[in-house]
Structure formats: structure tokens, C-alpha cells
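*Asks:* Residue numbers 251 to 445, in my numbering, belong to the letters of the sequence shown in order. Beta carbons are placed, not taken as given, at the ideal position from N, Cα and C, and that holds for glycine. Every value quoted in this text rests on a predicted model; they were computed, and no experiment measured them.
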Amino acid sequence: MIDLYAWGTTNGRRGLLMAEESGLPFTLHQINIQKGDQKTPEYEKINPYRKIPALIDSEGPGGKPATIFESVAICFYLAEKTGKFLGSAADHPNVLKWSMFHATNVLAVFGVLGRVNDPSFETGAKNQLATMDKHLAGREWFAYDYSLADIIPYTRLAGVKHETVRTADYPNVQAWLDRVGARPAVRKAMDQKFG
Ligand SMILES: N[C@@H](CCC(=O)N[C@@H](CS)C(=O)NCC(=O)O)C(=O)O
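(1) Hey, would you say A393 sits closer than 9 angstroms to A399, going by beta carbons?
(2) Between which two residues does the alpha helix (DSSP H) containing L386 stretch?
(3) Determine the burial state of P369: buried for a count of at least 16 other Cβ atoms within 10 Å of its Cβ, exposed for fewer.
(4) Is there at least one non-hydrogen atom of ligand 1 closer than 8 angstroms to the beta-carbon of W348?
(5) Return yes when the C-beta of V362 is under 8 angstroms from any heavy atom of ligand 1, and no when it is not.
(6) Where does D395 fall in DSSP's three states?
(7) On the three-pair Cβ rule with 8 angstroms, is the region 315 to 330 touching the region 377 to 390?
(8) Shortest alpha-carbon distance to R263 belongs to which of I281, N297, N344, L363?
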């Protein structure tokens with residue numbers, strides 16, 4: 251039994267998207283962060299950082315319950331559990347480096363873009379998009395096939411609304427966003443209503 255605790259933010263939907271893609275049955279618990287549901291003592295036992303998303307797998311490694319927080323960790327956990335989206339050992343260098351490129355660079359810079367008045371985030375975001383655009387030229391996916399390296403950045407990049415940083419200016423990135431966005435599991439996660 252898998253319980254996912256989330257809300258309709260980019261990080262919350264990342265966990266939800268991965269849960270949908272995993273194909274495993276799960277129960278979604280809506281944690282309304284506007285009402286402070288993430289700050290209750292019960293939820294703090296699941297995530298001491300008091301943020302969404304988080305996941306409890308009653309049948310984790312060794313048949314014992316496992317609790318996971320951090321949306322990217324949830325992605326890796328479910329990939330490992332299902333054997334999906336990591337590829338073979340030969341695929342790991344590309345899956346890992348692009349997953350980490352997104353997790354440590356893209357999620358950080360796009361997370362503050364437009365919220366912090368510092369032009370270096372704009373320059374950084376454009377540099378990241380240009381890097382992705384070059385890599386995606388002639389490729390459908392970041393690594394061997396649709397993988398964690400596509401799942402991790404999607405919810406962050408799908409909703410970029412910025413005056414000068416536009417994914418549409420990077421045709422290979424935009425085409426990749428459209429490809430990921432057309433997947434049924436992705437649509438289901440993006441269309442999930444919260445509240
Ligand atoms: N690095 C964390 C970030 C989690 C995070 O910041 N969650 C936000 C929503 S997107 C949250 O719970 N905010 C509520 C709060 O800060 O009280 C992850 O990817 O899971």
C-alpha cells in the first residue's frame with residue numbers, strides 16, 4: 251500500500267506524476283499547504299521538514315514500511331521499486347547525470363525565477379535552457395528513453411511564465427515538453443484537482 255501526501259504545486263505534482271507513471275496502486279492524501287496541513291504534528295512525523303510531497307510505502311525494502319520525502323527522492327525510490335525509468339547499468343551515466351543536472355540546477359534556478367529580483371537567475375535559466383536545447387537536438391529524451399531524467403524537470407518547466415525566459419524560444423525543449431505532456435500518466439497528474 252502506497253500513500254502519497256501532496257498538494258498541487260510543482261514539487262507536489264512531481265511526486266504525483268511519478269506515482270502515476272509507476273503504475274502502482276496508491277492513495278493520494280491532499281495536504282493543503284495554504285491551510286497549514288503540512289505543519290500538523292501528525293504530518294511532521296512523516297516529513298520533519300514539514301513540506302510536501304512525502305510518501306509512505308507499507309511494503310518497502312525487506313517488506314518493512316518506508317517513508318520518503320523530497321520529491322526527487324520519491325522519483326528515485328519508485329523507479330528502483332518498479333525497475334522503471336532508470337534503464338540498464340549502461341544507461342545509468344546518462345540517466346544519473348541529467349537527473350542531477352535537473353535536480354540541482356534547473357529546480358533551484360527555475361524555483362526562484364521571477365520571485366527574486368536578481369538578473370543572474372534569468373541568465374542562469376537561459377543558460378540551462380540552451381544547454382538542454384543543444385542536448386535534445388536529434389533526441390526525443392534526455393537519456394536512453396523516457397526516464398527519470400525527463401520526469402524530474404517536467405512539472406517545473408511545464409509552467410514557466412516569465413517575460414524573457416520562455417521555453418518556446420528553445421524549440422527542442424518545447425518539443426520535449428510537448429512529448430512528455432502528452433503521456434497519459436503525466437496528463438492525469440497535471441489535471442488532478444486539489445482542494
Ligand atoms: N525540495 C523539496 C521542496 C518541497 C517544498 O518546498 N514543498 C513546498 C510546496 S512546493 C511546501 O510544502 N511548502 C509549504 C511550506 O513551506 O510550508 C521537494 O522537492 O520535495
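*Replies:* Taking the definition as stated:
(1) Against the sequence shown, residue 393 aligns to sequence position 143. Against the sequence shown, residue 399 aligns to sequence position 149. Yes, the pair counts as a contact, with Cβ atoms nearer than the cut-off.
(2) For this step, residue 386 is matched to residue 136 along the sequence shown. Residues 369 to 386.
(3) Indexing the sequence shown from 1 puts residue 369 at position 119. Classification for P369: exposed.
(4) As a first step, residue 348 must be located in the sequence shown, where it is residue number 98. Set against 8 angstroms, the gap from the CB of W348 to the closest heavy atom of ligand 1 is not smaller.
(5) Locating residue 362 in the sequence shown gives position 112, where the first residue counts as 1. It does not: the Cβ of V362 is nowhere closer than 8 angstroms to a heavy atom of ligand 1.
(6) The residue labelled residue 395 in the question sits at position 145 within the sequence shown. The answer is coil: DSSP assigns D395 none of H, G, I, E or B.
(7) Three or more beta-carbon pairs separated by less than 8 angstroms are not found between the region 315 to 330 and the region 377 to 390, which leaves the two stretches without contact.
(8) Here residue 263 is taken as the residue at index 13 of the sequence shown, counted from 1. The residue among I281, N297, N344, L363 with its C-alpha nearest the C-alpha of R263 is I281.
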